[in-house]
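When we follow this note's numbering, the leftmost residue of the sequence shown carries the number 230, and every step to the right adds one. By construction, the Cβ of each residue, glycine as well, lies at the ideal position given by its N, Cα and C atoms. Just so you know, these numbers come straight off a predicted model, no measurement behind them.
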Amino acid sequence: MKSFNINRQLITSTVKPNKEIEETAAAEGAFVYHGVKHGHSYLSQQCITNVLKTIFSSSSAIAKSMSCERTKCNSIAVNVLAPYFTQKVLTEVKEAYFYSIMFDASNKGNTKFFPVCVQYFSKIGVKKGCIIDLIDDADESATNIFENLMTVIKKSGLPFDGLTSIGADNTNVNMGNNHSVYTLFNNEIENLFKGKLS
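Shown next, in the form of structure tokens:
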């Protein structure tokens, strides 16, 4: 029991956050955000971090303690920034109420992905192509794509009656006149616009 108390004291005394740790975390988050926004690879960000450490080693404690290797950059982007900005976009869409959904199949190796994008009017103008979800499903049938999109809409909490149009490639599965993703949505929502991606 004595060792438990000693270990507990050690853990609580060493994990206390301080200003330098918080500033370093904020700098790393801003650094990764900037890299993602401008399309920099995680490898180049790792290299830039090493350069910054060298340049500012004598003047900045934050630069010295920054560590943005590839896996950490990926983790910050996927686990911190992506959920925050996705939630921010969904909140804006709910405030705008009316929106359009776009989707397209994409192959990555032997995996089939369906990125689901939303477009809407916000207080500051039209927002284009904000990805709200990424569906991993090999089944490209109209019914399955429709069910996946319905799941995304429900999971995101978007108002179903606010959907004004869907956009996709002009294939029979997506935009055909008989049994397609468009006709399945049009059966649920009257006067749904058909948008074709080029």
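On the DSSP letters alone, give me the boundaries of the beta strand (DSSP E) that A397 sits inside. On the sequence shown, residue 397 is found 168 positions in, with the first residue counted as 1. Per DSSP, the continuous beta strand (DSSP E) segment holding A397 begins and ends at L392 to A397.
Mind checking V307: buried by the 16 CB within 10 Å criterion, or exposed? Position 78 of the sequence shown holds residue 307. Label assigned to V307: exposed.
Leaving out five residues on either side along the sequence, give the residues of the same chain with a beta carbon under 7 angstroms from the beta carbon of Y271. If you number the sequence shown from 1, residue 271 lands on position 42. Result list for Y271: R299, C302 and N303, in chain order.
9 angstroms Cβ cutoff, G386 in contact with chain D: Absent from the structure: chain D. Only one protein chain is present.
DSSP beta-bridge partners of Q275: To locate residue 275, count along the sequence shown from 1; it is residue 46. BP columns for Q275 are empty, so no partner.
Closest to H408 by CA distance: which of S296, E369 and D365 is it? Start at 1 with the first residue of the sequence shown, and residue 408 comes out as number 179. For H408, the closest of S296, E369 and D365 by C-alpha to C-alpha distance is E369.
Nearest-angstrom Cα separation, counted from N406 out to H263: Stepping through the sequence shown from its first residue, residue 263 is reached at position 34. Stepping through the sequence shown from its first residue, residue 406 is reached at position 177. Looking at the two C-alpha atoms, the distance is approximately 44 angstroms.
Alpha carbon of F233 to alpha carbon of E249, nearest angstrom: In the sequence shown, the residue the question calls residue 233 occupies position 4. In the sequence shown, the residue the question calls residue 249 occupies position 20. With a pLDDT of 49 at F233, under the threshold of 50, the modelled position of that residue is not reliable, and no figure is offered here.
Contacts around M230, its chain only, beta-carbon distance under 7 angstroms, and the 5 residues preceding and following it disregarded: Counting from 1 along the sequence shown, the entry for residue 230 is found at position 1. Annotation note: pLDDT 46 at M230 (below 50); position unreliable, no value reported.
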